[in-house]
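In the numbering used here, the protein residues as written are 26 to 395.
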Amino acid sequence: MHKQPSRSLSSEQGFTLTELLVSTAVLLIVTGTALGTFRDAMSMTDMATQFADANQNLRAGANQMIKDIMQAGRIIGPEGVPIPSGAGAQPVRRPGPPGTNLTFDVASTTNLPDITTGRNIGPNVNGQTTDMITIMTVDPFMPTVETPPTGATDPNEGTLDPAGGYVTLPANSLWLVGDQANDTPPVHVGDLVLFKNPRGMAVQTVTRMDGTHIYFDANDWFNFNQRNATQGTVMQIKDVQNTTSAWSEKTSLFRLMLVTYYVDATTTPTAPRLMRVVNNFTPQALAGVIEDLDFTFDLVDGVNNPVEIPELPYTDATAGVTYNANQIRKVNVRVGVRSESISRVTNDYVRNHISTSVDVRSLASVDRYV
26 MHKQPSRSLS
36 SEQGFTLTEL
46 LVSTAVLLIV
56 TGTALGTFRD
66 AMSMTDMATQ
76 FADANQNLRA
86 GANQMIKDIM
96 QAGRIIGPEG
106 VPIPSGAGAQ
116 PVRRPGPPGT
126 NLTFDVASTT
136 NLPDITTGRN
146 IGPNVNGQTT
156 DMITIMTVDP
166 FMPTVETPPT
176 GATDPNEGTL
186 DPAGGYVTLP
196 ANSLWLVGDQ
206 ANDTPPVHVG
216 DLVLFKNPRG
226 MAVQTVTRMD
236 GTHIYFDAND
246 WFNFNQRNAT
256 QGTVMQIKDV
266 QNTTSAWSEK
276 TSLFRLMLVT
286 YYVDATTTPT
296 APRLMRVVNN
306 FTPQALAGVI
316 EDLDFTFDLV
326 DGVNNPVEIP
336 ELPYTDATAG
346 VTYNANQIRK
356 VNVRVGVRSE
366 SISRVTNDYV
376 RNHISTSVDV
386 RSLASVDRYV
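Shown next, in the form of structure tokens:
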């Protein structure tokens, strides 16, 4: 009997080259698809982040600007405030972009309006000039100082210097010490003070202070303290216009805010910023990167009521009418921003614009009982 040879259960057969290539190709396709999906997701996330950043900058800057425009003319009224003028008076300076030397043009009215336009006087951004705007309003958080005092010890009463050079206040006046509990800071050097009584209004700049006085020395930055000018000074609203008699007519003092918006394309040329400056204090950057800042104005005269006027004063040759800034009732704002960096999806910046119209509360109100 013959013995059958044993068979081995092992096999040396493996994948063929074709099978290996096919499986590798499938793996590469699946991996490539996954990586492409991941890349697209990352790109979309990047674009969404860029858009969110640009939109947040735009929203923050626009909201603050809208609030300021709405408050223009508070306490003041549509007529604006007289400023020093006449023979020998120096121009009143206007805050603006770095390197500029601007003044308020009040030659036609001698009044500083609640809203001062600034068509195309801002810097050039991407081949397009930008606008400016200056808004005047009264600080709603600072109490009014009444002069002369009634005789009682009242921290909100004071005495005006006969020559208009300072006001004397109680040591506990909120103008001197502030109100920390209500987040009201004291008056600072560089603040503006509005004087108002039945004879009119005037503005002076705070130049120095001590424990009981706020001073308005000559040669302030704005040139508001020109008490020797023939028009528009604090001495023109005094009942007895000399430098020795006491002020006897009730005069109210308010902290005035002069708020200017412009584009700063100098400090960081590659990233222009929307700037807000109160009086002549340090400017605050509100948004970037700014590519567009435009203002137009809707006016009321009871007849034509022109809209979208770019600059005041404005003459309508057809109607034969000249309009001034005191007739502004609505401000149309257009602001454009772009992202800080280029999006990988579009290979370009992400851009966003906002256009809105703002009613000026203190200028739009109408006395229906007159």
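Using N, Cα and C, we set each Cβ at its ideal position, and we do this for glycine too.
Run the CB neighbour count on R393, radius 10 Å, all protein chains shown included, and call it buried at 16 or more, exposed below. Residue confidence for R393 is low, a pLDDT of 40 falling below 50, so the modelled location carries little weight and cannot support an answer.
In three-state terms, what does DSSP make of R224? Correct three-state label for R224: coil.
Please list the terminal residues of the continuous alpha helix (DSSP H) segment that includes L201. L199 to V202
Could you tell me which residues DSSP puts in a beta bridge with S380? R359
Give the DSSP-derived three-state secondary structure of A312 in the structure shown. strand
Would V284 and A87 be called neighbours here (beta carbons separated by less than 7 Å)? no
Could you check whether F320 and D93 sit closer than 7 Å to each other, using their CB atoms as the reference points? no
Count the other C-beta atoms from every protein chain shown that fall within 10 angstroms of the C-beta of R301, then say buried if there are 16 or more, exposed otherwise. buried
Given a cut-off of 7 Å, decide if T159 and A97 are closer than it, judged by their beta-carbon atoms. Contact: no.
Apart from the five residues on each side of it in sequence, which residues of its chain come closer than 8 Å, Cβ to Cβ, to Q256? P107, P109, S110, G111, A114 and T135
So, Q89 versus L311, is the Cβ gap smaller than 7 Å? yes
Looking at the C-beta of Q251, does it have a partner C-beta in chain C at a distance below 7 Å? No chain C is present in this structure, which holds just one protein chain.
Within 7 Å, strictly: CB atoms of P148 and A290: Closer than 7 Å, so yes.
Run through DSSP, which three-state label would D392 get? Note that D392 has pLDDT 45, beneath the 50 cutoff, so the model's placement of it is unreliable and the number below is only indicative. It is coil, neither helix nor strand.
Using a Cβ-Cβ cutoff of less than 6 Å, which residues in the same chain neighbour Y240 once the five nearest sequence positions on both sides are dropped? Y191, T232 and R233
Among the residues of its own chain, which have a CB less than 7 Å from the CB of T209, if the five just before and after it don't count? F166, M167, L199 and G203
If you compare alpha carbons, which of V332, V214, P187 and V288 is closest to I146? V288
Tell me the rounded alpha-carbon separation between I21 and S387. It is not possible to answer for residue 21, since the shown part of the chain is limited to 26 through 395.
Using the Cα positions of G102 and K275, report the straight-line distance between them to the nearest angstrom. As the crow flies, the alpha-carbon of G102 is around 19 Å from that of K275.
N377, buried or exposed, once every other Cβ within 10 Å from all chains shown has been counted against 16: buried
Please work out which residues of its chain come closer than 8 Å, Cβ to Cβ, to T347, disregarding the five sequence neighbours upstream and downstream, and give them in chain order. P338, Y339, T340 and D341
Can you check which of these residues, L42, T381, V375 and F322, is closest to Q352 by C-alpha distance? When only C-alpha atoms are compared, the closest one is F322.
Same chain, Cβ closer than 7 Å to E171, five either side skipped, listed in chain order: N181, E182, K275 and S277
Over the uninterrupted beta strand (DSSP E) stretch that includes Y191, give me the two end residues. For Y191, the uninterrupted beta strand (DSSP E) run begins and ends at Y191 to T193, by DSSP.
Where L45 falls: helix, strand or coil (DSSP): helix
Considering only the alpha carbon of each residue, which of G57, V47, V55 and L83 lies closest to S380? For S380, the closest C-alpha among the options G57, V47, V55 and L83 is that of L83.
Taking DSSP's pairing of strands, which residues face T285 in a bridge? T159 and V302
Nearest-angstrom Cα separation, counted from A177 out to L127: As the crow flies, the alpha-carbon of L127 is around 45 Å from that of A177.
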